[in-house]
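The structure appears below as structure tokens.
In this note's numbering, the protein residues as written are 5 to 79.
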């Protein structure tokens, strides 16, 4: 059986939607100001949310290893 491959969607990464929602609607005077706002949003995420993010990521990596790289749907 040949593995199906699909590109990874970064939007599925747990923290991106949270940060995007926090920054939504803001206007920045410079790229530096936007980067600073992004950094602050990242730093403001609680530790338990980062733990959840990485636990889920490691579970997905283990699932991929167990399936020898075969494509699987999010469960």
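We treat Cβ as the ideally placed atom computed from N, Cα and C, and that holds for glycine.
Sequence-distant residues of its chain with Cβ nearer than 8 Å to residue i (five each side left out)
{"i": "residue 33", "result": "none"}
Extent of the continuous alpha helix (DSSP H) to which residue i belongs
{"i": "residue 27", "result": "19 to 27"}
{"i": "residue 66", "result": "51 to 70"}
{"i": "residue 42", "result": "35 to 48"}
Spatial neighbours of residue i in its chain, beta-carbon cut-off 7 Å, leaving aside the 5 residues before and after
{"i": "residue 30", "result": "41"}
6 Å Cβ shell around residue i - same chain, five flanking residues per side excluded
{"i": "residue 23", "result": "45"}
{"i": "residue 64", "result": "none"}
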